[in-house]
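Heads up, the thing below is written out as structure tokens.
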Amino acid sequence: MVEREFIKNMMKKIIEDTEKNKNRSSDEIIQTIIEELTHQKATNQTNRMIN
């Protein structure tokens, strides 16, 4: 459920950021999503290695 909560919070943040900056292209928004998910995946892998 942690992943689901992360995605929910990430999408909420992206929507808020997009509302603040209406000039963002869809490519920029997609790039932000990719970066966030990549970072989360790396964090999850690190946590698995520690445990």
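Going by this note's numbering, the letters in the sequence shown line up with residues 55 to 105, in that order.
Quick reminder that beta carbons are idealized off the backbone N, C-alpha and C, glycines included.
If you look at Asn98, you'll find it in the alpha helix (DSSP H) that goes 80 to 104. Contact between Thr92 and Ile83 does not hold, since the beta-carbon distance rounds to 15 Å and is not under 8 Å. Under the three-state reduction of DSSP output, Lys76 falls in the coil class, being neither helix nor strand.
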